[in-house]
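Be aware that the sequence shown starts at 7, since it is given in this note's numbering, and climbs by one per residue.
Ideal Cβ positions, reconstructed from N, Cα and C, are used throughout, including at glycine.
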Amino acid sequence: MLRIASTSVARGAARAAPRSFPRVTPQIGFHASSRKEEETKAVEPVKKGGLFGTGLSEWFALPIGITAAVPLINYEWLVLNEETQLLAVFVCFCVTMYTQGGDAIYKSLDETAQTIIKEHTEAEEKVVSSLKTKLEFLKANQNMVNDFEAINKIREEAYVNLNKAGKIKPQHDFKAQMEKAIGIVVQEEHNVAEKAKTALMEEATAAVTAEFGTSKELQKAALDSAIAKIKGTAKPGDDPVQSAFVQFFKNKAAEAAKADDGSEAAAQRAALINKVNAIAKSEGFFFQFDANGQPKMVV
């Protein structure tokens with residue numbers, strides 16, 4: 007009975023199959039104009055779903071499978087033993103894993119792949135950044151040769167200017183040293199003159215005071231001159247004190263002219279030369295003075 011039922015189901019499915027497929031009549035179009043580029047493109051066939059791409063419902067696989075299994079088992083074309091059972095179990099396992107755990111496995115593998123791609127991208131970005139930095143450094147240093155040439159040129163010019171300055175600098179130093187030596191001489195002469203003036207005034211004051219202290223006539227004349235100056239009746243040049251100082255200086259000058267043998271001036275000049283030479287030696291002057299006061303180069 008099972009065989010008869012299976013046969014009748016198979017016959018019904020075979021009779022229904024031709025009616026389920028629509029009849030397709032090929033249509034050919036003709037046109038006199040040239041074909042456009044869009045028309046030359048191949049038209050992709052529309053993919054049908056369903057059982058084996060026929061458009062039939064997948065549930066038709068159940069009766070077809072049962073119908074096909076009856077003769078296969080009856081004529082022992084399909085032997086049901088441990089191998090087929092193991093195959094069936096393996097197929098069930100594969101199907102179950104694909105349908106139930108496929109998404110989880112895909113997501114796990116995809117997450118691992120995304121992580122690897124992210125790490126690889128970050129590593130590439132770091133490499134690209136370092137290469138860009140190196141490129142900028144190389145671009146910045148591409149004029150290094152020109153920079154060194156300019157530095158060498160500036161150095162050569164500086165050496166030339168230093169050589170020129172080296173020729174002129176000793177002259178400026180010599181001028182400054184000579185001006186300093188002349189200033190020392192002038193200052194020393196001024197000090198000697200001030201000392202001589204002070205000593206001469208002290209001596210004149212002492213001499214005039216002594217002269218007026220021993221002469222009553224000079225005292226009376228000085229008193230009369232002072233009274234006349236107070237009254238306003240004094241005549242110009244009628245001052246005994248002034249006349250006494252003038253006479254002292256005249257006598258002193260006459261005595262100095264008679265007794266001047268040049269020894270005092272020579273002693274002062276020798277002391278001045280020694281002082282200037284000491285300063286010149288301590289400060290590294292290019293010259294010193296001899297005994298006659300003439301400058302002599304020492305370099």
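query	result
Return helix, strand or coil for Q148, following the three-state DSSP convention.	coil
At the level of alpha carbons, what is the spacing between E89 and C98?	14 angstroms
Spatial neighbours of D245 within its chain, please: CB distance less than 7 angstroms, with the 5 preceding and 5 following residues excluded, ordered by chain position.	S231
I'd like the span of the beta strand (DSSP E) that includes Q106, first residue to last.	Premise fails: Q106 lies in the alpha helix (DSSP H), 88-106, not in any beta strand (DSSP E).
Beta-carbon within less than 8 angstroms of N283's beta-carbon, same chain only, minus the 5 sequence neighbours each way: which residues are those?	Q294, F295
Tell me which residue opens and which closes the alpha helix (DSSP H) that Q274 is part of.	269-288
Looking at the ligand ZN, does it come within less than 7 angstroms of N298, judged from the CB to the closest heavy atom?	The model on display carries no ligand, and the ligand ZN is accordingly not part of it.
Using the C-alpha atoms, what's the distance from I190 back to G299?	13 angstroms
Can you tell me the Cα-Cα spacing of I122 and S135, whole angstroms?	20 angstroms
Is the region 202-211 touching the region 274-292, taking contact as three or more C-beta pairs under 8 angstroms?	no
What do you reckon, are the CB atoms on V251 and V304 nearer than 8 angstroms?	One detail in the question is off: residue 251 reads as Phe in this sequence, not Val. No, the pair does not count as a contact, with Cβ atoms beyond the cut-off.
Compute the Euclidean distance between the alpha carbons of E162 and F143, then round it to the nearest angstrom.	29 angstroms
Please state the DSSP three-state secondary structure of F291.	coil
Measure from the alpha carbon of G290 to the alpha carbon of each residue in A263, A182, S249, K222, then state which is nearest.	A182
Specify, as a first and last residue, the run of the alpha helix (DSSP H) that S231 falls within.	222-237
Use the C-beta contact count for A187: other C-beta atoms within 10 angstroms, 16 or more gives buried, fewer gives exposed.	buried
With a 10 Å radius around its C-beta and 16 neighbouring C-beta atoms as the bar for buried, classify A259 as buried or exposed.	exposed
Which residue wins for smallest C-alpha separation from A212, given the options V247, L168, W83, A227?	V247
Taking its Cβ as the centre, do 16 or more other Cβ atoms sit within 10 Å of A286, making it buried, or is it exposed?	buried
Going by Cα to Cα distance, which pick from E117, N147, A276 is closest to E195?	A276
What does a CB cutoff of less than 6 angstroms around D153 pick up in its chain, not counting 5 residues either side in sequence?	none
Leaving out five residues before and five after N149 in sequence, what residues of the same chain have Cβ atoms less than 8 angstroms from its Cβ?	none
Checking the sheet assignment: what are the DSSP bridge partners for K302?	Q294
Exposed or buried, which one is T105 when buried takes at least 16 other CB atoms within 10 Å?	exposed
Assuming contact is defined by CB atoms lying nearer than 8 angstroms, are V198 and Q253 in contact in what I supplied?	no
Give the secondary structure of L62 by DSSP, where H, G and I count as helix, E and B as strand, and everything else as coil.	coil
Around the C-beta of L137, are 16 or more other C-beta atoms found within 10 angstroms, so that it is buried, or is it exposed?	exposed
Would you mind stating whether F292 and F218 have Cβ atoms separated by less than 8 angstroms?	no
For I79 versus L86, is the C-beta spacing smaller than 8 angstroms?	yes
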